[in-house]
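For reference, the structure is listed below as structure tokens.
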Amino acid sequence: MWMRRSLIAAGILGASSGAYGFGYSPTSGPAVARYALTPAGWPPGLRVRIAVLADLHAGAPLMTAERVAGIVDATNALTPDMVLLLGDYGPVSLLVRAPYRPAEIAPILGRLRAPLGRFCVSGNHDWWEDPEVMARRSREPEWLRQLRIAGIRPLQNAATRLPQGFWIAGIDSQIAYQWNRGADDLPGALAAITDDAPVILMAHEPDIFATMPDRVALTLCGHTHGGQVRILGYSPRVPSRYGNRYAYGLVEEGRRRLIVSGGLGTSKIPVRFGVPPEIVEVTLG
């Protein structure tokens, strides 16, 4: 009798966990993951709050246009000084039956508000799902073009200095050409930096952090979705050469710091467990 009840309880727990992971969790939230730190060389007395959005993967029925609008509203409610978008804006999940064109979603994201600016980089799917840019192996993916039209500035292997005394840099996807070669150029982006002010770097995939120079005070990434399934701080599958080393959250290696977002959408299998959709809020200073 005891064994039978235990098996029944285990079955109920497994069923409820599956329903949560496949049903509620992928479309819940978003939660807000908050980090506070002072990068090396940060200007004294300067406080900046950054909202980070990663891996939107817009497409119905999982990430509808209405849900994107809700994420924009939730982000604006945080009153960030700056908004950074880290790539993978289009769908990839097996359940997406109505993908959106970039021109449909970019104006919604254009309603994001931040007095110090809104910046974006590309993700691997922004290249892979754009036949024209893949054929050229250069230039600007359609998602970045539409975001630029909507008033969000792309940083394709580039950097810009803010009057407040720090740099924002961004690199292209490190696996833009289907795993064999990336469109990223970190040395090119850093070559634009002309003084000793601290650098905040945007990159879609976190693997670049393994060779990131100390010159970059903070790296912000997405791509992994936190593994989409995370149990006791461990993700069984992470799309990174380094596995769980860069799967999720704050990573410190020497003087260098990395924050990996759990993202907002889902990739291929529409499941999330232990890592809900999230907006990342980073307070610097």
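First residue of the sequence shown? That's 13 in the numbering used here, and the numbers climb one at a time after it. Using N, Cα and C, we set each Cβ at its ideal position, and we do this for glycine too.
Determine the DSSP secondary structure at residue i, reduced to helix, strand or coil.
i: residue 246; result: strand
i: residue 210; result: coil
i: residue 34; result: Only weak support is given to the placement of residue 34: the predicted model assigns it a pLDDT of 43, under 50, and the question is left unresolved by the model.
i: residue 13; result: Note on residue 13: pLDDT 40, under 50, position unreliable in the model; the coordinate value appears next. The answer is coil: DSSP assigns residue 13 none of H, G, I, E or B.
i: residue 114; result: helix
i: residue 79; result: helix
i: residue 293; result: strand
i: residue 84; result: helix
i: residue 97; result: strand
i: residue 278; result: coil
i: residue 270; result: strand
i: residue 62; result: strand
i: residue 241; result: strand
i: residue 220; result: helix
i: residue 19; result: Unreliable placement is indicated for residue 19, whose pLDDT of 30 sits below 50; no coordinate value is reported for it.
If you follow the alpha helix (DSSP H) that residue i is part of, which residue opens it and which one closes it?
i: residue 68; result: No alpha helix (DSSP H) contains residue 68, which DSSP labels as neither H nor E.
i: residue 74; result: Unbroken run through residue 74: none, as it is neither H nor E.
i: residue 107; result: No alpha helix (DSSP H) contains residue 107, which DSSP labels as neither H nor E.
i: residue 199; result: 198-203
In terms of residues, what are the limits of the beta strand (DSSP E) holding residue i?
i: residue 259; result: Taken as a continuous stretch (DSSP letters only), residue 259 belongs to no beta strand (DSSP E), as it is neither H nor E.
i: residue 45; result: 43-49
i: residue 229; result: 228-233
If residue i and residue j are in contact, beta carbons under 8 Å, what's the gap, nearest whole angstrom?
i: residue 161; j: residue 118; result: 7 Å
i: residue 216; j: residue 100; result: 7 Å
i: residue 276; j: residue 65; result: 6 Å
i: residue 294; j: residue 62; result: 5 Å
i: residue 258; j: residue 219; result: 7 Å
i: residue 98; j: residue 214; result: 6 Å
i: residue 180; j: residue 171; result: 7 Å
i: residue 86; j: residue 274; result: The pair is not a contact, with the Cβ atoms about 15 Å apart (cut-off 8 Å).
i: residue 103; j: residue 155; result: That belief does not hold up - the Cβ atoms of residue 103 and residue 155 are roughly 12 Å apart, past 8 Å.
i: residue 298; j: residue 290; result: Because the chain in this structure spans residues 13 to 297, residue 298 falls outside the shown range and cannot be described.
Segment contact, 8 Å Cβ cut-off, at least three pairs: the stretch 50-58 with the stretch 216-231: yes
Uninterrupted beta strand (DSSP E) stretches inside the stretch 113-183 (no shorter than 3 residues): 130-132, 170-174, 178-182
Would you call the stretch 200-210 and the stretch 240-254 in contact, with 3 or more CB pairs under 8 Å? no
Given 8 Å, three or more beta-carbon pairs between the stretch 175-194 and the stretch 70-90: no
Would you be able to state if there are at least three C-beta pairs under 8 Å between the stretch 232-242 and the stretch 74-87? no
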